[in-house]
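Enquirer: Below is the structure I would like to discuss, written out as structure tokens.
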């Protein structure tokens, strides 16, 4: 799994620490969702998933760089469960 930070220029050390903690918590939540919901062929290997983390809004979403059908399946999971 890869998480791309968006809009991250000119961050202070304290901001980076705070955002790293937020990313860590989001990463745990994503992995939990993937373990519970992902198709068996992806189970345990989440290296194909890519996410974009907007550090200004502190929101994360699946990146369109994630290959199909993983992208569409994760979007469907989020629609069913609610956003991250």
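In our numbering, the protein residues as written are 151 to 234. Virtual Cβ for every residue (Gly too), placed ideally from N, Cα, C. This structure is a prediction, so every number in the text was calculated from the model and none was measured.
1) Whole alpha helix (DSSP H) runs in the stretch 161-195 with 4 or more residues, listed along the chain?
2) Pairing CB atoms from the stretch 163-171 with CB atoms from the stretch 210-223, are three or more of them under 8 Å?
3) Taking C-beta to C-beta, are residue 183 and residue 231 nearer than 8 Å?
4) Give the straight-line distance between the Cα atoms of residue 194 and residue 162, rounded to the nearest whole angstrom.
5) Got a sec, what are the start and stop residues for the beta strand (DSSP E) residue 218 sits in?
6) Closer than 7 Å by C-beta to residue 227: which residues in its own chain qualify, once you throw out the five before and the five after it? Chain order, please.
7) Nearest to residue 234 by CA position, among 198, 197 and 181, is which residue?
Expert: Walking through what the data contain:
1) Fully enclosed alpha helix (DSSP H) runs of 4 or longer: 163-187.
2) Touching, no, given that fewer than three Cβ pairs across the two stretches are closer than 8 Å.
3) Here residue 183 refers to the residue found at position 33 when the chain shown is read from its first residue. Here residue 231 refers to the residue found at position 81 when the chain shown is read from its first residue. Result yes, Cβ atoms of residue 183 and residue 231 sit closer than 8 Å.
4) Numbered from 1 along the chain shown, position 44 holds the residue referred to as residue 194. Numbered from 1 along the chain shown, position 12 holds the residue referred to as residue 162. Between the C-alpha atoms of residue 194 and residue 162 there is a straight-line separation of about 35 Å.
5) Along the chain shown, one-based indexing puts residue 218 at 68. Careful: residue 218 lies outside any beta strand (DSSP E) and carries neither H nor E.
6) Residue numbering aside, residue 227 sits at position 77 when the chain shown is read from its first letter. Cβ within range, chain order: 183 and 187.
7) Taking the first residue of the chain shown as position 1, residue 234 is located at position 84. Comparing Cα-Cα distances from residue 234 to each of 198, 197 and 181, the minimum goes to 181.
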